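Student:
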Amino acid sequence: METVFLGIIAFCMVILTFLAFVISIALIFVLIALVGVLKTLKSLLEELKLDYKAYSPKVLRLIENLENTTSLFSLFSIFRKRSTK
């Protein structure tokens, strides 16, 4: 009888391992798609920044902040000193 329960436990562990593998593969695809979306958003924000540069400094600052948050290296730019103009 113990063999049956050990077999059931082993079968459940195999199923859980397979599901974890499938979820990790799906997560990799989602991350790749997210990187593509963020690159597109960053390029659109750069174009928008060029259009609104002459209109308002507040709009320019807002667009630059959005651009920094979409950057993959935004964590490194947090520690960078900002120059005052």
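For any residue, its number in my numbering is found by taking its place in the sequence shown, counting from 1, and adding 78. Every residue, glycine too, gets a C-beta built ideally from N, C-alpha and C. This one's a predicted model, so the numbers in the text were calculated from it and none came from an experiment.
Would you call residue 122 buried or exposed, if buried means 16 or more other Cβ atoms sit within 10 Å of its Cβ?
Tutor: It is exposed - the Cβ of residue 122 has fewer than 16 other Cβ atoms within 10 Å.
Student: From the DSSP output, in three-state form, read off residue 79 for me.
Tutor: Of the three classes helix, strand and coil, the one that applies to residue 79 here is coil, per DSSP.
Student: Under a Cβ-count criterion, where at least 16 other Cβ atoms within 10 Å of its own Cβ denotes burial, should residue 106 be classed as buried or exposed?
Tutor: Answer is exposed; the Cβ neighbour count stays below 16.
Student: Rounded to the nearest angstrom, what separates residue 79 and residue 100 at their Cα positions?
Tutor: Going by the C-alpha atoms only, they are around 32 angstroms apart.
Student: How many Å lie between residue 111 and residue 90 at the Cα?
Tutor: C-alpha separation (whole angstroms): 32 angstroms.
Student: Cβ of residue 141 within 8 angstroms of Cβ of residue 126?
Tutor: Their beta carbons are under 8 angstroms apart, which means residue 141 touches residue 126 by this criterion.
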